[in-house]
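Undergrad: Right, I'll just put the structure down here and ask away after.
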Amino acid sequence: MQNIDKWLEKHVDGYLRDTGFCQSKAEFRDAAQALVAQAQEHGFTVQQVKVACRGDVETFLMERQNAKIDAETSRRVDEDR
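Dropping the structure here:
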């Protein structure tokens, strides 16, 4: 069976949005539910997903989204120098 952390790393970007920086984890409610459902289809439990997401799937997705936006912004700033 595949490791939940590896599975999550492979699939999490599909649940992020291109809408920019987010301040509310509620914006990721539907994405979190879909991610958990897909993980369950691959044989993982809800508890395994929550543990891999440090206890809160919505917050995990929001933090990943914001980190992605920060990295892209930094890259653009570096390119403009």
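All the letters of the sequence shown, read from the start, carry residue numbers 3 to 83 under the working numbering.
Just so you know, even glycine gets a beta-carbon here, dropped at the ideal spot from N, CA and C.
1) Spatial neighbours of lysine 52 within its chain, please: C-beta separation below 7 Å, excluding the five flanking residues on both sides.
2) Going by beta carbon distance, what residues of the same chain come within less than 8 Å of phenylalanine 46, once the five residues before and after it are set aside?
3) Round the Cβ separation of arginine 66 and leucine 18 to the nearest angstrom and send it over; I've been treating them as touching at under 8 Å.
4) Find out if the Cβ-Cβ distance for the pair phenylalanine 30, isoleucine 71 is shorter than 8 Å.
5) Do you know whose CA, among Glu81, Ser76, Val14 and Gln25, lies nearest alanine 33's CA?
6) Can you name, in chain order, every residue of its own chain whose Cβ lies under 8 Å from the Cβ of glutamine 50, other than the five neighbours on each side?
7) Glycine 16 by DSSP, collapsed to three states: which one?
TA: The structure says:
1) Val59
2) Ile6 and Trp9
3) 6 Å
4) no
5) Val14
6) Ile6 and Ala41
7) helix
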